[in-house]
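A.B. asks: Shown below is the structure under consideration.
Chains as they are written, first to last, in our numbering: chain U, 19 to 302; chain C, 4 to 184.
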């Protein structure tokens, strides 16, 4: 207890109360001072004495305002408080020369105009940004479409490349035999088609160099000839191998290949009169 | 509800807290000079001080129910209300005016003579002139301009502890001057 009293005395003398009454104290210290004042009457008393000195200073340096102010100042104070319940306009007729109570009104007008201008500018900016956003969205859509197109193109090219690679692999394979089928007598000598037959896979690939378009309802049919007997290798159209080799049927081995023009879908045995090209293996 | 129109120093506080308009009129007669005097010290502009005095009385009246006599006298309460309202104004102005004006102010304090800082208001006594210059500066910056201890320390390059010891010395001196008057 004695220790605490000593500390209170030190506290009062520390200068913190002066800092407090002069209004220069931090919020944290302010709360501390007020707690001390609430708890210790001597702290409270010291604060009151300091405040009294400052109050005396203000009284010693008083300046009496012009007497005409009193009526207006009091009337406006009453009106401001009553304005909470009643419209402030009611107080105006009693003080026609006083413009002060109108200030909030004109302030409001100015603020309203300022706010409106800000709002309009903001709306303008928003609209401009909206348009820009729409442009950006369109650009983005176009770009996305273009990317999709390119992806698609790329897939086709990759597929084509794989086909070409495969074709090349077939042709370069040492186990592949080449049959060059040439026009038979009586046909256009330019007619020509090649066969690549892989002995390992036994698969037959067709590469049409030149054949006329088949008439409507007709298709070309490929035959493998083994020991004088024709074996069906499937049907095709003149332009089927424009881009790549056409994989036909498979056969364990053949002496020659021939193409005939048949009804669409093919026939069980070739029509000899309709043979266009014929070829035996190229001797390497 | 009838109000007692005969206000005295004895019934002022209860009548004021009840919202008796006569109490505000009594307060005006008793204290408007002190409040106006302090406003003129804080802001050297009569027209602005009139506006601030008006604002202060509106606040005093609006807060009549909030005044707590346990925490101090009604006069001290009004004095602080006047100062705080004015400080709010000064702070917002100070924020606009940037650092250079503060530096100018501190220069002016250094050049002030003992004849008083406010030549525009002849007749405004300055009791603080009886204080040493560095103590007067602390009271003016804090009490009349709303600077915090930290701001004074930083803006005027005075250690925090020195600001505190000067504030204490200034208040000790002020109390002596006041009790002698």
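Think of the CB as a built atom: it goes at the ideal place given N, C-alpha and C, for glycine as much as any other residue.
In chain order, what are the residue ranges of uninterrupted beta strand (DSSP E) at least 3 long that sit wholly in the segment 5 to 35 of chain C?
C.D. replies: Here no run is fully enclosed.
A.B. asks: Between the segment 58 to 77 of chain C and the segment 27 to 38 of chain C, are three or more C-beta pairs nearer than 8 angstroms?
C.D. replies: Verdict: yes, contact present.
A.B. asks: Under 7 angstroms between beta-carbons, which chain U residues line up against residue 92(C)? List them in chain order, please.
C.D. replies: Near residue 92(C) there are no residues of chain U at all, since even the closest Cβ is about 15 angstroms away, more than 7 angstroms.
A.B. asks: Following the continuous beta strand (DSSP E) through residue 228(U), name the residue where it begins and the one where it ends.
C.D. replies: Per DSSP, residue 228(U) belongs to the beta strand (DSSP E) from 221 to 228.
A.B. asks: Are three or more beta carbon pairs between the segment 226 to 243 of chain U and the segment 148 to 164 of chain U nearer than 8 angstroms?
C.D. replies: At 8 angstroms Cβ cutoff, the stretches do not touch.
A.B. asks: Which residues of the segment 79 to 95 of chain U have a Cβ closer than 9 angstroms to any Cβ of chain C? Give them in chain order.
C.D. replies: Correct list: 79, 80, 81, 82, 83, 84, 87, 88, 90, 91, 92, 94, 95.
A.B. asks: Check whether the Cβ atoms of residue 250(U) and residue 239(U) sit closer than 9 angstroms, and answer yes or no.
C.D. replies: Against a cut-off of 9 angstroms, the Cβ pair of residue 239(U) and residue 250(U) comes out as a contact.
A.B. asks: Taking its Cβ as the centre, do 16 or more other Cβ atoms sit within 10 Å of residue 197(U), making it buried, or is it exposed?
C.D. replies: The residue in question, residue 197(U), is buried, as its Cβ has 16 or more Cβ neighbours within 10 Å.
A.B. asks: I'd like to check one pair, residue 65(U) with residue 151(C): are the Cβ atoms closer than 9 angstroms?
C.D. replies: No; because the gap between Cβ atoms is not below 9 angstroms, this pair is not in contact.
A.B. asks: Please tell me whether residue 69(U) has its Cβ less than 9 angstroms away from any Cβ of chain C.
C.D. replies: Answer yes: the Cβ-Cβ gap between residue 69(U) and chain C drops below 9 angstroms somewhere.
A.B. asks: Hey, would you say residue 26(U) sits closer than 9 angstroms to residue 47(U), going by beta carbons?
C.D. replies: No. Outside cutoff.
A.B. asks: By the criterion of Cβ-Cβ separation under 7 angstroms, what are the contact partners of residue 99(U) in chain C?
C.D. replies: Those within 7 angstroms of residue 99(U) in chain C are 64, 65.
A.B. asks: From which residue to which residue does the beta strand (DSSP E) around residue 248(U) run?
C.D. replies: Element bounds for residue 248(U): 247 to 254.
A.B. asks: Which residues, taken in chain order from the segment 133 to 162 of chain C, show a beta carbon closer than 9 angstroms to some beta carbon of chain U?
C.D. replies: Cβ contacts with chain U: 141, 142, 144, 145, 146, 149, 150, 151, 152, 153, 154, 155.
A.B. asks: Counting only C-beta atoms, is residue 19(C) closer than 9 angstroms to chain U at any point?
C.D. replies: Closer than 9 angstroms: no.
A.B. asks: For residue 149(C) and residue 131(C), I'd like the C-alpha separation in whole angstroms.
C.D. replies: In a straight line, the C-alpha of residue 149(C) is about 17 angstroms away from that of residue 131(C).
A.B. asks: Are any of the Cβ atoms in chain U nearer than 9 angstroms to that of residue 122(C)?
C.D. replies: With a pLDDT of 40 at residue 122(C), under the threshold of 50, the predicted position of this residue should be treated as unreliable, though the coordinate-derived value follows. No, residue 122(C) does not count as interfacial toward chain U.
A.B. asks: Got a sec: is the Cβ-Cβ distance from residue 41(U) to anything in chain C below 9 angstroms?
C.D. replies: Output row for residue 41(U): interface = yes.
A.B. asks: Using DSSP's beta-bridge definition, name the partner residues of residue 197(U).
C.D. replies: Looking at the DSSP assignment, residue 197(U) forms a beta bridge with 213(U), 299(U).
A.B. asks: Hey, does residue 75(U) have any beta-carbon neighbour from chain C nearer than 9 angstroms?
C.D. replies: It does: the Cβ of residue 75(U) has a partner Cβ on chain C nearer than 9 angstroms.
A.B. asks: Check the DSSP bridge columns for residue 278(U) and list the partner residues they point to.
C.D. replies: Its beta-bridge partners are 239(U), 293(U).
A.B. asks: Where DSSP assigns a beta bridge to residue 167(U), which residues make up the other side?
C.D. replies: For residue 167(U), which the question treats as bridged, DSSP gives no partner whatsoever.
A.B. asks: For chain C, is any of its Cβ atoms less than 9 angstroms away from the one on residue 143(U)?
C.D. replies: No, residue 143(U) lies away from the interface with chain C (no Cβ there is under 9 angstroms from its Cβ).
A.B. asks: Count the C-beta pairs between the segment 67 to 85 of chain C and the segment 16 to 29 of chain C that are closer than 8 angstroms, then say yes if the count reaches three, no if not.
C.D. replies: Verdict: yes, contact present.
A.B. asks: From the DSSP output, read off the bridge partner residues of residue 244(U).
C.D. replies: DSSP lists 247(U) as partners of residue 244(U).
A.B. asks: Nearest by alpha-carbon distance to residue 69(U): which of 159(C), 16(C), 137(C), 78(C) is it?
C.D. replies: It is 78(C) whose Cα lies nearest to the Cα of residue 69(U).
A.B. asks: Count the other CB atoms within 10 Å of the CB of residue 204(U); is the residue buried (16 or more) or exposed (fewer)?
C.D. replies: By the 10 Å Cβ count, residue 204(U) comes out exposed.
A.B. asks: Quick one: does residue 129(C) have its CB under 9 angstroms from some CB of chain U?
C.D. replies: It does; some Cβ of chain U falls within 9 angstroms.
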